[in-house]
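Structure, as structure tokens:
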Amino acid sequence: MGAADEGVPRKVIHLGGGPATLLEILDDQIERRERVARDSFPEPAADPSWRFEVPGFDPFREREVETWLTVANGESGTRGALEEGSAVSTPATFVAGVYGDGTDEPRFRQPVPAPDWTGLRLLVQGSVFTVTNGELLEHRRVLDMRHGVVYRYWRQRGRNGRTVDTRTARFASLADRHVLALRAEAAPVDFSGRLMWEGAVGITHAGGP
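First residue of the sequence shown? That's 373 in the numbering used here, and the numbers climb one at a time after it.
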């Protein structure tokens, strides 16, 4: 490549340093693109044949849905319970090879649940948001079977009239089987105010250690 026939355009910024400076600029562009990829929320596979979708919230079928939306990697598995929980939720994580001693009823060795790591409570201006507190405007969960990620999209209007959009994504890593990950976002729709996620790890059902 040579010089342009009409000279260097006016908007070109002249930087010294030669090839080293060029490499620094390219590295900066790569880092910027990677940062955008990190900050943007992931999406399920575009091909619908890879997606298993559960619309709405039916308390009578919720335990079935939790089973369908389990994420596992061969070392551990987590039921697809709602992060904030409900009266019918049965969150549980099980680790392969970890069983009780068989001294409790029923008298056989059962898998012992690990502490639940998915618990999140959404506070909107200090008030707790749940699917049963207010008006459920949208709720769907998508199991992306291509990537092994469960997505949740939830829009709720609270009893105070405030509407909030939330979305979560969780997976059990195959690259590092000790890793279980959850990402959650929330945004106000028709108001300005403070939203806060509170996380907790613990046993939330009977039979835990």
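Virtual Cβ for every residue (Gly too), placed ideally from N, Cα, C.
None of the values given here were measured: they were computed from a predicted structure.
> Of all the options A392, P391, A444 and P420, which has the alpha carbon lying nearest to the alpha carbon of L546?
Replying inline: If you number the sequence shown from 1, residue 546 lands on position 174. Residue A444 is the option with its Cα nearest to L546.
>> Based on DSSP bridge pairs, tell me the residues matched to M568.
In response: As a first step, residue 568 is located in the sequence shown; it is residue number 196 there, counting from the start. L495, per the DSSP bridge assignment.
>> Within the continuous alpha helix (DSSP H) that includes V460, where are the two ends?
In response: Taking the first residue of the sequence shown as position 1, residue 460 is located at position 88. Neither: V460 is in no alpha helix (DSSP H) and is coded neither H nor E.
>> Among V514, R531 and L494, whose alpha-carbon lies nearest the alpha-carbon of N505?
In response: Within the sequence shown, numbered from 1, the residue matching residue 505 stands at position 133. Comparing Cα positions, the closest option is R531.
> From the DSSP output, which residues share a beta bridge with D419?
Replying inline: Numbered from its first residue, the sequence shown carries residue 419 at position 47. Answer by DSSP bridge pairing: none, since D419 is not bridged.
> Can you pull the DSSP bridge partners for E507?
Replying inline: For the purposes of this step, residue 507 is taken as residue 135 along the sequence shown, with counting starting at 1. E507 pairs with R529.
> Y523: which of V460, G565, L494 and P427 sits nearest, CA to CA?
Replying inline: Counted from its first residue, the sequence shown places residue 523 at position 151. Of the candidates V460, G565, L494 and P427, the one whose C-alpha sits nearest the C-alpha of Y523 is P427.
>> So M517 and F424 are supposed to be a Cβ contact under 8 Å. How far apart are they, rounded?
In response: Start at 1 with the first residue of the sequence shown, and residue 517 comes out as number 145. Start at 1 with the first residue of the sequence shown, and residue 424 comes out as number 52. Contact holds; Cβ gap of about 6 Å.
>> Rounded to the nearest angstrom, what separates I402 and A459 at their Cα positions?
In response: Looking up residue 402 in the sequence shown gives position 30. Looking up residue 459 in the sequence shown gives position 87. Taking the straight line joining both Cα atoms gives about 47 Å.
> Roughly how many whole angstroms lie between the Cα atoms of L394 and P381?
Replying inline: Within the sequence shown, residue 394 is the residue found at index 22, counting from 1. Within the sequence shown, residue 381 is the residue found at index 9, counting from 1. Cα to Cα, L394 sits roughly 18 Å from P381.
> Bridge partners of S448, per DSSP?
Replying inline: Counting from 1 along the sequence shown, the entry for residue 448 is found at position 76. S448 pairs with V467.
> In or out: L515 buried (at least 16 other Cβ within 10 Å) or exposed?
Replying inline: Sequence index remark: in the sequence shown, residue 515 carries index 143 (1-based). So L515 ends up on the buried side.
>> If I measure Cβ to Cβ from D548 and keep anything under 7 Å in the same chain, skipping five residues before and after, which residues do I get?
In response: Translated into the one-based positions of the sequence shown, residue 548 becomes position 176. Nothing meets the Cβ criterion.
>> To the nearest angstrom, how far is the alpha carbon of V467 from that of H550?
In response: Taking the first residue of the sequence shown as 1, we reach residue 467 at position 95. Taking the first residue of the sequence shown as 1, we reach residue 550 at position 178. Cα-Cα distance, rounded: 10 Å.
> Name the DSSP bridge partner or partners of R512?
Replying inline: Locating residue 512 in the sequence shown gives position 140, counting from the first residue. Paired residue(s): P427 and Y525.
> Between G580 and the rest of its own chain, which residues show a CB-CB distance below 7 Å, the 5 nearest in sequence each way excluded?
Replying inline: Looking up residue 580 in the sequence shown gives position 208. Note that G580 scores a pLDDT of 38, beneath 50, so its modelled location is shaky and nothing firm can be said.
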